[in-house]
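Chains A and B, in that order, are what the protein sequence lines are. The opening residue of the first sequence carries number 327 in the numbering used here; numbering runs sequentially from there. The opening residue of the second sequence carries number 65 in the numbering used here; numbering runs sequentially from there. Note that the Cβ used here is the ideal one computed from N, Cα and C, for glycine as well. Remember, predicted model here, so these are calculated numbers, not experimental data. These notes are about the structure you will find just below.
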Amino acid sequence: QQQVKQSPQSLIVQKGGISIINCAYENTAFDYFPWYQQFPGKGPALLIAIRPDVSEKKEGRFTISFNKSAKQFSLHIMDSQPGDSATYFCAASPRPYNQGGKLIFGQGTELSVKP
Amino acid sequence: GAGVSQSPRYKVAKRGQDVALRCDPISGHVSLFWYQQALGQGPEFLTYFQNEAQLDKSGLPSDRFFAERPEGSVSTLKIQRTQQEDSAVYLCASSLVTQGEQFFGPGTRLTVL
């Protein structure tokens, strides 16, 4: 079953604009929510991550907004640049127990930033 | 320092062949994960090691898939009697501690003809 739902599937933004990608989850056992960026032919790379005890985290041009009651979180990319063109994945990880922090990924959003 | 490396980067197999995919994690990383990424999809968890112990193999799709990490460093994912549906990119990730940041390798693209 799909535990993390991501939208939109693709996104086109003008240079300097704001890119917004949304994710929703159902499992309340999730307690770590990272966003990954993936370029063609490369493995995913961690961009920014949040835990549910905060509602927002900002690192440079990237911001995660987290709504625990709605079980939703989103990535905002401010001042989007052509170099940001990539596929973005949200993910969630359950509390450890024996699961070691395995990641459950969304389906991905292909972002294209036009110059 | 060196990141996670995987070999081979590309593998073409005929249906029914066995394949072995290698992952060299970052030195000292305790946790190692394997994921399968189908074209246009997000990675899907296959299995997890803490040192040499395989603590979670719930994502392995069938008993044709087998993973090992005998000395707690290098790991091998083996797929027996490959099928066309096994075609995907196989990603390896390692993290220094449990639930730490996962660093991904570039993946091995497996194509089964």
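Contact with chain A by residue i, beta-carbon distance below 7 Å
| i | result |
| --- | --- |
| Thr162(B) | yes |
| Tyr154(B) | no |
| Phe168(B) | yes |
| Tyr74(B) | no |
| Pro48(B) | Absent from the structure is residue 48(B), since the part of chain B shown begins at 65 and ends at 177. |
| Gln92(B) | Before going on, a small fix: residue 92(B) reads as Gly here, not Gln. So, not an interface residue. |
| Glu165(B) | yes |
Pair within 7 Å by beta-carbon distance, residue i and residue j
| i | j | result |
| --- | --- | --- |
| Ala84(B) | Lys142(B) | yes |
| Ala117(B) | Ala152(B) | no |
| Arg133(B) | Leu96(B) | yes |
| Leu372(A) | Thr435(A) | no |
| Phe399(A) | Phe392(A) | yes |
| Gly427(A) | Leu155(B) | no |
| Ala418(A) | Tyr351(A) | yes |
| Gln144(B) | Arg128(B) | yes |
| Gly92(B) | Asn115(B) | no |
| Lys397(A) | Ile390(A) | no |
| Val68(B) | Gly171(B) | no |
| Val439(A) | Pro420(A) | no |
| Val176(B) | Arg86(B) | no |
| Thr146(B) | Ala66(B) | no |
| Gln340(A) | Thr413(A) | no |
| Ser395(A) | Leu437(A) | no |
| Ile90(B) | Ser158(B) | yes |
| Asn353(A) | Gln329(A) | yes |
| Leu160(B) | Lys75(B) | no |
| Ile376(A) | Glu385(A) | no |
| Pro334(A) | Asp357(A) | no |
Residue-level contact to chain B via CB, residue i, 7 Å cutoff
| i | result |
| --- | --- |
| Ser370(A) | Residue 370(A) is actually Pro in this sequence, not Ser. Interface residue, yes. |
| Phe388(A) | no |
| Phe415(A) | yes |
* Jot down the residue ranges of each uninterrupted beta strand (DSSP E) in the region 146–173 of chain B, minimum 3 residues, whole runs only, in chain order. => Runs of the beta strand (DSSP E) inside the region 146–173 of chain B: 152–159.
* Which runs of the beta strand (DSSP E) fall wholly inside the region 331–355 of chain A and span at least 3 residues, in chain order? -> Listed in chain order, the complete beta strand (DSSP E) runs (minimum 3 residues) inside the region 331–355 of chain A are 336–340, 345–351.
* Asked: Taking only runs of the alpha helix (DSSP H) that begin and end inside the region 377–433 of chain A, which ones reach a length of at least 4 residues, in chain order?
  -> Segments of the alpha helix (DSSP H) lying fully in the region 377–433 of chain A: there are none.
* Can you find at least 3 beta carbon pairs, one from the region 94–108 of chain B and one from the region 425–438 of chain A, that sit closer than 8 Å? -> The region 425–438 of chain A and the region 94–108 of chain B touch, with three or more beta-carbon pairs separated by less than 8 Å.
* Proximal residues, the region 426–439 of chain A versus chain B, C-beta separation under 9 Å -> The residues in question are Gly426, Gly427, Lys428, Leu429, Ile430, Phe431, Gly432, Gln433, Gly434, Glu436.
* Asked: Is the region 400–413 of chain A touching the region 328–348 of chain A, taking contact as three or more C-beta pairs under 8 Å?
  -> The region 400–413 of chain A, when compared against the region 328–348 of chain A, does touch it at the 8 Å Cβ threshold.
* What residues in the region 122–143 of chain B have a beta carbon less than 8 Å from any beta carbon of chain A? -> Answer in chain order: Gly123.
* Would you list, in chain order, the members of the region 76–87 of chain B that have their beta-carbon closer than 7 Å to a beta-carbon of chain A? => Taking 7 Å as the Cβ-Cβ cut-off against chain A, none of the residues of the region 76–87 of chain B qualify.
* Asked: Taking only runs of the beta strand (DSSP E) that begin and end inside the region 67–93 of chain B, which ones reach a length of at least 3 residues, in chain order?
  -> With a minimum length of 3 residues, the unbroken runs of beta strand (DSSP E) contained wholly in the region 67–93 of chain B fall at 69–71, 74–77, 83–88.
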